[in-house]
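Visitor: In this note's numbering, the protein residues as written are 255 to 537.
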Ligand code: HEC
Ligand code: HEC
Ligand code: HEC
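(1) Which partner residues does residue 419 have in the DSSP bridge list?
(2) Restricting to Cα atoms, I'd like to know which of 348, 300, 500 and 527 is closest to residue 440.
(3) Are the CB atoms of residue 462 and residue 409 nearer to each other than 8 Å?
(4) Hey, would you say the C-beta of residue 309 is under 7 Å away from at least one heavy atom of ligand 1?
(5) Quick check on this structure: which residue in 402, 459 and 511 has the alpha carbon closest to the alpha carbon of residue 417?
(6) Tell me whether residue 343 sits in a helix, a strand or coil according to DSSP, three-state version.
(7) Under a three-way DSSP split, which group does residue 478 fall into?
(8) For residue 517, tell me which candidate among 368, 502, 292 and 479 has the shortest Cα-Cα distance.
(9) Can you check the stretch 331 to 387 for any alpha helix (DSSP H) of at least 4 residues that lies completely inside it and give the ranges in chain order?
(10) Three-state secondary structure (DSSP) at residue 514?
(11) Who sits around ligand 2, taking every residue whose Cβ is closer than 6 Å to one of its heavy atoms?
(12) Any chance the CB of residue 433 is under 7 Å from a heavy atom of ligand 3?
(13) Could you work out which residue in 377, 503, 473 and 423 is closest to residue 434 when comparing CA atoms only?
(14) Would you call the CB atoms of residue 365 and residue 371 closer than 8 Å?
(15) Assuming residue 445 is part of the alpha helix (DSSP H), what are its boundary residues?
(16) Would the beta-carbon of residue 388 be found less than 7 Å away from any heavy atom of ligand 1?
(17) Any beta carbon of chain D sitting closer than 8 Å to that of residue 410?
(18) Any heavy atom of ligand 1 closer than 7 Å to the Cβ of residue 306?
(19) Using a Cβ-based criterion (distance less than 7 Å to any ligand heavy atom), does residue 583 qualify as near ligand 3?
(20) Using C-beta distances below 7 Å, list every residue in its chain close to residue 422, excluding the 5 sequence neighbours before and after it, in chain order.
(21) Look at the alpha carbon of residue 339 and the alpha carbon of residue 471, and state the distance between them as a whole number of angstroms.
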């Protein structure tokens with residue numbers, strides 16, 4: 255095999271490691287309880303991830319060294335890969351079946367022939383065991399261990415000055431938004447203008463929540479930033495004018511709904527939704 259072919263072969267292996275083998279429905283089950291001991295707060299370090307990095311380094315190390323003809327290190331990485339793979343397979347009993355120790359051993363044997371084509375071929379079977387688990391479990395693990403919870407966040411409503419849970423506050427924001435649009439649709443512009451004031455202050459209050467998870471103020475350019483502010487000003491101008499222009503009104507409502515609500519939901523609500531579903535199953 256020439257080096258171009260070997261290279262494309264490697265790309266193919268990496269491709270298999272990150273993509274599911276066949277198209278199928280995705281089921282997102284909550285990761286097993288036994289995984290929790292390898293993540294904060296139970297473990298100081300994310301031990302599972304460290305284990306992944308070890309395997310990945312040895313896996314990649316084999317090929318880096320085969321290319322460099324540094325065979326001593328090829329053999330070291332091959333032995334370590336089998337050792338770490340075996341160790342990982344014992345960490346989460348519920349996930350034992352994802353591992354194929356024989357495939358790891360066969361790959362190590364092939365690597366030790368120092369024939370890169372043989373090693374490449376034998377790595378496929380092992381790589382697939384990594385890929386299968388990633389396809390089925392990685393997003394679930396991100397949701398459980400990496401995505402902070404909105405359910406613990408409280409917001410103080412600037413209108414009632416009452417503190418409430420984030421999702422209750424969302425319902426409030428949502429109904430004051432409706433107050434603006436429904437009244438406008440009925441031609442009740444004064445009521446719509448009054449609702450707009452409430453809606454604006456409640457919506458902009460969402461700024462106070464960003465710092466619960468984000469450390470930079472820069473993120474506040476999004477959803478609750480200048481675009482929203484400009485849309486609010488344009489809406490107020492329309493509602494206070496002699497004859498409000500429906501086209502301009504709905505244009506700005508659309509802008510708020512999209513860059514204010516929808517864009518935040520697309521990034522933040524997805525994970526929240528999954529977390530909530532897992533919680534409901536348990537209750
Ligand atoms: C039994 C399931 C399982 C198997 C088998 C598995 N992994 Fe993973 N792997 C995971 C999960 C879950 C994550 C996500 C961890 C996280 O983000 O907290 C992950 C993440 C990774 C990452 C990314 C780490 C990061 O910093 O985000 C690498 C690299 C990786 N695995 C390599 C491998 C290799 C190489 C193999 C096979 C030799 C393998 N994994 C086998 C479950 C598995
Ligand atoms: C419950 C925690 C939480 C809250 C509250 C929150 N975010 Fe995020 N947000 C995240 C996480 C987690 C990510 C993924 C990337 C990261 O960690 O920054 C993210 C990503 C983003 C991104 C994508 C770009 C980036 O930095 O990764 C933007 C923009 C953003 N958030 C803006 C906001 C704004 C504006 C607010 C307040 C109105 C907000 N977020 C409130 C958790 C949160
Ligand atoms: C900080 C980003 C963010 C912004 C901006 C935002 N939302 Fe949300 N919204 C969320 C998250 C996260 C949830 C899920 C909360 C949960 O799971 O408890 C949610 C949930 C909701 C819900 C469901 C509430 C419930 O009882 O479960 C409604 C309705 C809603 N949002 C409407 C809106 C509307 C309307 C706007 C714009 C005017 C908006 N949201 C702006 C993040 C945001």
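Where is the CB? At the ideal position from N, CA and C, for every residue including glycine.
Guide: If we stick to the structure as given:
(1) For this step, residue 419 is matched to residue 165 along the chain shown. As computed with DSSP, residue 419 is found in a beta bridge with 408.
(2) The residue you call residue 440 lines up with position 186 of the chain shown. In terms of CA proximity to residue 440, 500 leads the group 348, 300, 500 and 527.
(3) On the chain shown, position 208 is the one that residue 462 refers to. On the chain shown, position 155 is the one that residue 409 refers to. Contact: yes.
(4) For the purposes of this step, residue 309 is identified with residue 55 of the chain shown, where counting begins at 1. Checking the Cβ of residue 309 against ligand 1 gives yes.
(5) Locating residue 417 in the chain shown gives position 163, counting from the first residue. The residue among 402, 459 and 511 with its C-alpha nearest the C-alpha of residue 417 is 459.
(6) Taking the chain shown and counting its residues from 1, the one referred to as residue 343 is at position 89. DSSP places residue 343 in helix when its eight states are reduced to three.
(7) Mapped onto the chain shown, residue 478 falls at position 224. DSSP places residue 478 in coil when its eight states are reduced to three.
(8) The count along the chain shown starts at 1 and reaches residue 517 at position 263. Ranking 368, 502, 292 and 479 by Cα distance to residue 517 puts 479 first.
(9) Here the runs fully enclosed are 355 to 366.
(10) Counting from 1 along the chain shown, the entry for residue 514 is found at position 260. Residue 514 falls in the helix class under three-state DSSP.
(11) In chain order, the residues positioned with their C-beta nearer than 6 Å to some heavy atom of ligand 2 are 401, 402, 404, 407, 460, 461, 463, 464, 466, 467, 468, 473, 474, 476, 477, 478, 521 and 522.
(12) As a position in the chain shown, residue 433 is number 179, starting the count at 1. Shortest gap from the CB of residue 433 to any heavy atom of ligand 3: 7 Å or more.
(13) Within the chain shown, the letter at position 180 stands for residue 434. If we check each option's Cα against that of residue 434, 503 comes out closest.
(14) What you label residue 365 is simply residue 111 of the chain shown in a count that begins at 1. What you label residue 371 is simply residue 117 of the chain shown in a count that begins at 1. No; because the gap between Cβ atoms is not below 8 Å, this pair is not in contact.
(15) The count along the chain shown starts at 1 and reaches residue 445 at position 191. Taken as a continuous stretch (DSSP letters only), the alpha helix (DSSP H) holding residue 445 covers 443 to 458.
(16) For this step, residue 388 is matched to residue 134 along the chain shown. Under cutoff, so the answer is yes.
(17) The displayed structure is made up of one protein chain only, and chain D is not part of it.
(18) Against the chain shown, residue 306 aligns to sequence position 52. Yes.
(19) For the chain, the structure presents residues 255 to 537; residue 583 sits outside this window and is missing.
(20) Indexing the chain shown from 1 puts residue 422 at position 168. Once the five neighbours on either side are set aside, residue 422 has no close Cβ partner at all.
(21) Residue numbering aside, residue 339 sits at position 85 when the chain shown is read from its first letter. Residue numbering aside, residue 471 sits at position 217 when the chain shown is read from its first letter. Approximately 42 Å between the Cα atoms of the pair.
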